[in-house]
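See below for the structure under consideration.
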Amino acid sequence: MNVVIIGAQWGDEGKGKIVDYLASDAQIVVRFSGGANAGHTIVRSGEKFALHLVPSGILYPDKVVVLGSGMVIDPEALFRELEMLESKGIDWKGRVLISDRAHIVLPRYSQMDREAEARRIKPIGTTGRGIGIAYAQKASRDGIRVADLDDPDRLANLTDEDRRFVETWAGQLLPLKIDLAAFLREHRNAWRLFEGAQGALLDIDTGTYPFVSSGMSCAAGSAAPGGIGPRHIDRILGVFKAYTTRVGNGPFPTEFSDDSPGSLSQYIRTVGNEYGTTTGRPRRCGYLDLVALRYACTVNSIDRLVLTHIDVYDGLDEFEACVAYRIGDRITQDFPASIRDLARAEPVLKRFSGWKTSLSGCLSYDELPLRAKEYIEFIEDFTETPVSIVSVGSDRAQTIVRESPWIR
Ligand code: IMP
81 MNVVIIGAQW
91 GDEGKGKIVD
101 YLASDAQIVV
111 RFSGGANAGH
121 TIVRSGEKFA
131 LHLVPSGILY
141 PDKVVVLGSG
151 MVIDPEALFR
161 ELEMLESKGI
171 DWKGRVLISD
181 RAHIVLPRYS
191 QMDREAEARR
201 IKPIGTTGRG
211 IGIAYAQKAS
221 RDGIRVADLD
231 DPDRLANLTD
241 EDRRFVETWA
251 GQLLPLKIDL
261 AAFLREHRNA
271 WRLFEGAQGA
281 LLDIDTGTYP
291 FVSSGMSCAA
301 GSAAPGGIGP
311 RHIDRILGVF
321 KAYTTRVGNG
331 PFPTEFSDDS
341 PGSLSQYIRT
351 VGNEYGTTTG
361 RPRRCGYLDL
371 VALRYACTVN
381 SIDRLVLTHI
391 DVYDGLDEFE
401 ACVAYRIGDR
411 ITQDFPASIR
421 DLARAEPVLK
431 RFSGWKTSLS
441 GCLSYDELPL
451 RAKEYIEFIE
461 DFTETPVSIV
471 SVGSDRAQTI
481 VRESPWIR
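Spelled out as structure tokens, the structure:
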């Protein structure tokens, strides 16, 4: 069975925790896109793990994790992460595999990324990890894949410096190399999780272009870049937070205009620890944008939503959520492609009453206070998508499963 998990907003929705949680029932976890720009945080028994390249199932001793074909891999960052895991007692050897179709991020790409940003009148606010450059090299057919590392003809195209770098790492990368399609065919009866990076609104096609990342963070990215055919996807989960955050630049219709000390924006950033896992940048905060979420559900065929960070609202008397955009003199519930329209979209807000009690100890949906359930049910009605999992804290135990994704 194949379950896909993507972010349904602008990334940082808590996918790492949810993949880690659901991986207990899976045998294989495939991360299908992105690179070291991603930051997936997992808290286990109070210990925090920040993963950037290694799929989130790695903390279980018996799971096999695969860096998929759609990924762009910085070997230095990968082996730094593997060393970090080893230093914390996680034995990864024999369990971390890399698709032979994944691309390599060369050291000079970070500098090129920063230079491209400096040339932009309105920078994207990239993570500076060379991700956009790696995908551009891939699209222009100048990239180097893991499969090319022992092919002298392919390496002949590289400069001496690039070739030296690639040859330095080939010895460590090649033993991890697999033919992903063949591997998944061989393990066709295993339960497999396909882990996306970033979020649907940062996807190169469906996101707020050009303020997006360069990989496929949409559900469709789990197919070719993940190594399976699209007909074999059984379930698609979209993870979203009770509010919205964004790092980097780009339109964000529900962003709080006031970010001064004591503001709601700062409250959410502090309580929700909304700082980038990869860059440490403070995340921009705003109310839940249901227009954007419904769009994400539609273009990704999301079967079930996973709500995270709802406990961040525990202390609020009331809060709002966006149910439409006012763009000029028209009201719409559709998510526009035009950056100009999105930038001038004013959110039409609906008010909700807070529950003023801690959700962190709730073990079942029935234990949630009525007002929290009302908020969840409104989201379900608006998006026409059931919320099947509710996360009420960062620990694995703080997860309410209303319906397992592993049931067909
Ligand atoms: P890049 O992926 O480094 O090229 O950055 C492009 C945009 O995507 C920037 O706005 C980044 O802040 C954003 N971004 C990239 N990766 C993540 C992520 O894992 N979470 C949230 N935002 C991200």
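Take any residue in the sequence shown, note its place counting from 1, add 80, and you have its number in the working numbering. Note that the Cβ used here is the ideal one computed from N, Cα and C, for glycine as well.
- By the 16-neighbour rule on beta-carbons within 10 angstroms, Y289 is exposed.
- Going by DSSP, F415 is part of no alpha helix (DSSP H) at all; its letter is neither H nor E.
- The C-alpha of E247 lies about 7 Å from the C-alpha of L229.
- D369 and P333 have their C-alpha atoms spaced approximately 8 Å apart.
- Contact check between the segment 465-479 and the segment 430-443: three or more CB pairs, one atom from each, fall below 8 Å, which counts as touching.
- Residue pairing by DSSP leaves C298 without any beta bridge partner.
- Note that the segment 88-104 touches the segment 315-330; at least 3 beta-carbon pairs, one per stretch, sit closer than 8 Å.
- Boundaries for I204: no alpha helix (DSSP H) harbours it, and the DSSP string shows neither H nor E there.
- Assignment of alpha helix (DSSP H) within the segment 242-325, counting only whole runs of 4 or more residues, yields 260-266 in chain order.
- In the DSSP assignment, F432 falls within the beta strand (DSSP E) that extends over 426-433.
- Approximately 15 Å separates the beta-carbon atoms of R175 and L260; this is outside 8 Å, ruling out the contact.
- Three or more Cβ pairs closer than 8 Å define a contact, and the segment 395-407 meets that threshold against the segment 363-377.
- Taking 8 Å as the upper bound for CB-CB distance, A88 and A280 are in contact here, some 5 Å apart.
- For L177, the closest alpha carbon among the candidates L253, K202, T359 is that of L253.
- Each of N82, H132, G150 was checked against the Cα of E156, and the nearest Cα belongs to H132.
- About 5 Å separates the Cβ atoms of D193 and G210, confirming a contact at the 8 Å cut-off.
- Counted as a single uninterrupted DSSP element, the stretch harbouring C442 is not any beta strand (DSSP E), since DSSP gives it neither H nor E.
- The Cβ atoms of A196 and Y140 do not sit closer than 8 Å to each other.
- Between ligand 1 and D92, a heavy atom-to-CB distance of less than 7 Å is present.
- With respect to the 8 Å criterion, D100 and R482 are not classified as neighbours on the basis of their beta carbons.
- The DSSP-derived three-state label of R488 is coil.
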